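Quick note on numbering: the sequence shown equals residues 1 to 166 in UniProt numbering. The C-beta atom is built at its ideal place from N, Cα and C for all residues, glycine as well. For clarity, every value in this text was computed on a predicted model and none was experimentally measured. Below is one structure; the comments refer to it alone.
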Amino acid sequence: MDKTTAALIVLGILVVALGLMYLGWRARRRRQAGLPHPDAVPRDLGSEFYAGDGMHVATTTAGDKLDRIAVSGVGYRARAGVLVAERGVMLAIAGERDAFVPVDTIRGARRDTWTIDRAVETDGLVVITWTLGGTAVDTYLRVDDPDALLAAVHRITADGSGSETP
């Protein structure tokens, strides 16, 4: 086999692989067509408890780290600003419309080590579990101060009013 034939075979395999990835993503978006886009950010968020930058690693179906949500606003891995305020969590994901997670949809927050396409040091990710259009989802964030982010989310969800529970 000469170099040209080998190169054409490799190129063919790459084209087929890219085509299959495209078809898979399109099928995922079609399956998740019933999921709404995340809420728009309200004008008044109330008191702010955390503001920082980091990475939006992924948003997946709750409990299934390999089932990425493909909805616009949370579908891609990208740099993100995160703001936790009385009314909820704002995600300013690069290249996407800002997403808002209302406090009454937040089901919990915890630390984790891996999700689809990313593994970090032990407990290096903050996971916010919330409800998007009736579907429980996990949003994985990697920030500089995960303890502060986790504390802020726990603070707003402690009694639903944004104040700490004694």
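* Based on the DSSP output, what are the partners of His-56 in its beta bridges? -> Answer is Ala-78 and Leu-141.
* Status (buried if at least 16 other CB within 10 Å, exposed otherwise) for Ala-7 -> Exposed, by the Cβ-count rule.
* Asked: If you compare alpha carbons, which of Asp-117, Ala-152 and Ile-106 is closest to residue 206?
  -> Residue numbering for the chain in the displayed model covers 1 to 166; residue 206 lies beyond these limits and cannot be assessed.
* To do: Could you check how far apart the C-beta atoms of Leu-35 and Ile-13 are, in whole angstroms? I think they sit under 8 angstroms.
  => Not confirmed; about 33 angstroms, so no contact.
* Evaluate contact between the region 136-152 and the region 100-120, counting only Cβ atoms and requiring at least three cross-stretch pairs below 8 angstroms. => By the criterion of at least three beta-carbon pairs nearer than 8 angstroms, the region 136-152 is in contact with the region 100-120.
* **Candidates Thr-135, Trp-114, Thr-5 and Val-126, of which the one nearest Leu-66 by Cα** => Comparing C-alpha distances from Leu-66 to each of Thr-135, Trp-114, Thr-5 and Val-126 shows the shortest one belongs to Trp-114.
* Asked: Helix or strand or just coil, what does DSSP make of Met-1?
  -> Met-1 sits in coil when the DSSP states are folded into three classes, being neither helix nor strand.
* Asked: Expressed to the nearest angstrom, what Euclidean distance is found between the alpha-carbon atoms of Ala-136 and Ala-33?
  -> Distance between the alpha carbons of Ala-136 and Ala-33: 15 angstroms.
* With C-beta atoms as the reference, is Gly-46 less than 8 angstroms away from Ala-94? -> One thing to note: Gly-46 has its Cβ no nearer than 8 angstroms to the Cβ of Ala-94.
* Using a Cβ-Cβ cut-off of 7 angstroms (strictly less than) and excluding sequence neighbours within five positions of Ile-116, which residues of its own chain qualify? -> Shown here for Ile-116: same chain residues with a beta carbon closer than 7 angstroms to its own, the five before and five after excluded, namely Ala-58, Thr-60, Lys-65, Leu-66 and Arg-68 in chain order.
* **DSSP-derived helix/strand/coil call for Arg-26** => In this structure, Arg-26 counts as helix in the three-state DSSP scheme.
* Asked: The beta strand (DSSP E) with Pro-102 in it runs from where to where?
  -> 99-102 is the span of the beta strand (DSSP E), which, as asked, contains Pro-102.
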